[in-house]
Amino acid sequence: MNPPSTRIWTFATIIAVIAIVALGWFLGAAPKLAEMARYDSERAAVLAQNQLSRTTLAQLEADFERLEDFQQQLAELQAQFPELPEYADAVELFLRELVGEGLPLESIVINEPVPADPTLVPDQFGQVPPGTLVQLDVVATVGGELPPTLAYIDALQRAGRFTVVPSFTFSAGSDPEARSTTITIILYMIAGEPAPGVLPLDGTTPEEPTEDAEEAPAEGDA
1109 MNPPSTRIWT FATIIAVIAI VALGWFLGAA PKLAEMARYD SERAAVLAQN QLSRTTLAQL
1169 EADFERLEDF QQQLAELQAQ FPELPEYADA VELFLRELVG EGLPLESIVI NEPVPADPTL
1229 VPDQFGQVPP GTLVQLDVVA TVGGELPPTL AYIDALQRAG RFTVVPSFTF SAGSDPEARS
1289 TTITIILYMI AGEPAPGVLP LDGTTPEEPT EDAEEAPAEG DA
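Counting with our numbering, you get residues 1109 to 1330 for the letters of the sequence shown.
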């Protein structure tokens, strides 16, 4: 075999070896390496998820140990923000219970409850979703001198129910028995599920569809 033929065969052999190695890489090693990388990625994700689960479980165990504290806090919040049903009677009773001796509650005006969030609009029947924080504006007039009235206002704001007194007006007349104070009071409550048979907040009665409603005639009927 002459030297040129030898060089050709040598070159062809090298090309064949390179092709075989490349084919082996793409058909054997590369998929295995990609599969190993995928397994490593999945393993890292599982480890991260396990760590997150351990952290969550530890937090749940810590919260469970404080379950009684959470229940007490919930009871306090429920006392501060009671649910809305029978709000008028409950509010009047609440206000009368705090009136001290010699301080008569002369009048009380309880407005309709409205959402505390002004951007929240009630539906057509005046209802808001359950759990909504609602605001109840009350105007109460108490008779008597100013010091016991101030004590009454202080008792309102220190009561278990969350109460705000934004303003009050004292009318000082020459007759001590005619003196009175008009107090603006804001109470906050939580809207519950509408009770059956109770009218909506705006006093309207929901319209119920009637089964005897006449159906529109189909096209083509005489």
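All C-beta atoms, glycine included, are put in the ideal place defined by N, C-alpha and C. Every value quoted in this text rests on a predicted model; they were computed, and no experiment measured them.
Item to complete: Taking P1221 and Q1243 to be in contact with their CB atoms under 8 Å, please state how far apart those CB atoms are, rounded to whole angstroms.
Response: Along the sequence shown, one-based indexing puts residue 1221 at 113. Along the sequence shown, one-based indexing puts residue 1243 at 135. The Cβ separation is near 7 Å, so the contact holds.
Discussion item. What does the alpha-carbon distance come out to for the pair P1256 and F1172?
Written reply: Position 148 of the sequence shown holds residue 1256. Position 64 of the sequence shown holds residue 1172. About 46 Å.
Discussion item. Mapping the DSSP letters down to three states, classify T1121 as helix, strand or coil.
Written reply: Within the sequence shown, the letter at position 13 stands for residue 1121. Correct three-state label for T1121: helix.
Worksheet item: What is the rounded straight-line gap between the Cα of G1252 and the Cα of P1212?
Response: Along the sequence shown, one-based indexing puts residue 1252 at 144. Along the sequence shown, one-based indexing puts residue 1212 at 104. Straight-line Cα distance between these residues: approximately 7 Å.
Worksheet item: Short check: CB of A1259 to CB of S1215, under 9 Å?
Response: As a working mapping, residue 1259 is identified with position 151 in the sequence shown. As a working mapping, residue 1215 is identified with position 107 in the sequence shown. Taking 9 Å as the Cβ cut-off, A1259 and S1215 do not qualify as a contacting pair.
Practice prompt. Tell me whether V1273 sits in a helix, a strand or coil according to DSSP, three-state version.
Written response: Reading the sequence shown from its first residue, position 165 is the one you call residue 1273. Strand at V1273.
Item to complete: Could you check what DSSP says for S1161 in three-state terms: helix, strand or coil?
Response: Start at 1 with the first residue of the sequence shown, and residue 1161 comes out as number 53. Note: S1161 maps to helix in three-state DSSP.
Worksheet item: Would F1276 be called buried (16 or more neighbouring beta carbons within 10 Å of its own) or exposed?
Response: Residue 1276 sits at position 168 when you count from the first residue of the sequence shown. With 16 or more Cβ atoms within 10 Å of its Cβ, F1276 is classed as buried.
Worksheet item: Do you know how far the Cα of P1226 is from the Cα of V1199?
Response: Numbered from its first residue, the sequence shown carries residue 1199 at position 91. Numbered from its first residue, the sequence shown carries residue 1226 at position 118. Distance between the alpha carbons of V1199 and P1226 is about 22 Å.
Fill in: Residue from T1164, I1261, E1143, Q1180 whose Cα sits closest to the Cα of T1292
Counting from 1 along the sequence shown, the entry for residue 1292 is found at position 184. The residue with the shortest Cα to Cα distance from T1292 is I1261.
Worksheet item: DSSP three-state call for E1253: helix, strand or coil?
Response: Numbered from 1 along the sequence shown, position 145 holds the residue referred to as residue 1253. E1253: coil per DSSP, three-state reduction.
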